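For the sequence shown, my numbering begins at 793 and goes up steadily by one.
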Amino acid sequence: MANRTIKYFFGQASTVSIKLSTVKQIKAVNSSDSVKPTTYITINNTRTMALFCCGRLGSKSVLATLSRFPTTLSNAQFAQAAAGAPKITFKKFEPPVQEHHDVRNEKLNRPLSPHLTIYRFQLTAMLSITHRASGMILSAYASALGIGALVLPNDISHYIAIIESLNLSPASLFLLKALIASPLGYHFANGIRHLYWDTAKGLSIKEVYTTGYAMLGASALITLILAAL
């Protein structure tokens, strides 16, 4: 085998030589050992170099030197170290007592949350609530007419004749029809207002109030027209 020199850098330059005794066995020696240079090979692989270093570490008395260091504290040292430690006491576990949040707030002197009675209802809130209520009333109308058409023995003209036979005054009849028609007029007018909002217009506070008042006037007009029929 040709003469070769190995140079590897572990923080600083160092020369490592390997003497080749057989094909299957490699003996590692330092460059200071007296060996023939014709029996040296080159290590150019990091993994091989790591295995070589581990072998060198195990062949020396490094591990034996490390084993001479104390690994545990003596009883006196342990007692001295534990002298300043806080004392640990154990208590029996007790589940927390469940109490009502009103009782807990009263103990902590917390004020109660404001109730709805102290708030002033705004136009937007009232119109929204009324819109839902009018929709429920219209649903009741449709349900009553549909179920009545199925279960009642006579048609609607028979029941209209019964109402006319009561001889109600024109004012009473007009108020009755206006009361029945008001949910339809309100829900129809406010539905148009909601459709206008769907176009992303009229959403400012001023425009919401303006369209709200305009809707109330339109719903009243529609109700009067229906009641006059």
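C-beta atoms are modelled at their ideal positions from N, C-alpha and C, and glycine is treated no differently. Keep in mind it's a predicted model, so treat the numbers as computed, not measured.
- Assignment of Ala1020 by DSSP, reduced to helix, strand and coil, places it in the helix class.
- In this structure, the beta-carbon distance from Thr922 to Tyr978 falls below 8 angstroms.
- Two segments are said to touch when three or more pairs of C-beta atoms, one from each, lie closer than 8 angstroms; by this definition the region 964-975 touches the region 1003-1020.
- Contact annotation: Ala1019 and Phe980 have beta-carbon atoms that are not nearer than 8 angstroms.
- DSSP places Leu971 in the helix class (H, G or I) of the three-state scheme.
- Residue state for Val895 is assigned as helix, using DSSP reduced to three classes.
- A buried status is given to Thr1003, since no fewer than 16 other beta-carbon atoms sit within 10 Å of its beta-carbon.
- By the neighbour-count criterion, in which 16 or more other beta carbons inside 10 Å mark a residue as buried, Leu919 falls on the buried side.
- DSSP places Glu886 outside both helix and strand once states are collapsed to three, so it counts as coil.
- The closest CA to that of Leu908, considering only Ser926, Ala917, Leu900 and Ser949, is found on Ala917.
- Put simply, the backbone Cα of Ala941 is about 25 angstroms away from that of Asn959.
- According to the DSSP assignment, Ala925 belongs to the alpha helix (DSSP H) that extends over Leu915 to Val943.
- As the crow flies, the alpha-carbon of Ile952 is around 35 angstroms from that of Tyr1005.
- Taking the Cα positions, Leu968 is about 15 angstroms away from Ile929.
- Leu995 and His950 have their C-alpha atoms some 48 angstroms from each other.
- Per the coordinates, the alpha-carbon of Ile910 lies some 15 angstroms from the alpha-carbon of Pro903.
- Burial state of Ser926 is buried, judged by a 10 Å Cβ sphere holding 16 or more other Cβ atoms.
- A direct Cα-to-Cα measurement between Pro887 and Pro878 gives close to 26 angstroms.
- For the options Ile997, Leu1021, Thr1015 and Ile1017, the alpha carbon positioned closest to that of Gln914 is the one of Ile997.
- Taking all protein chains in view, the Cβ of Thr1015 is crowded by 16 or more other Cβ atoms within 10 Å, so the residue is classified as buried.
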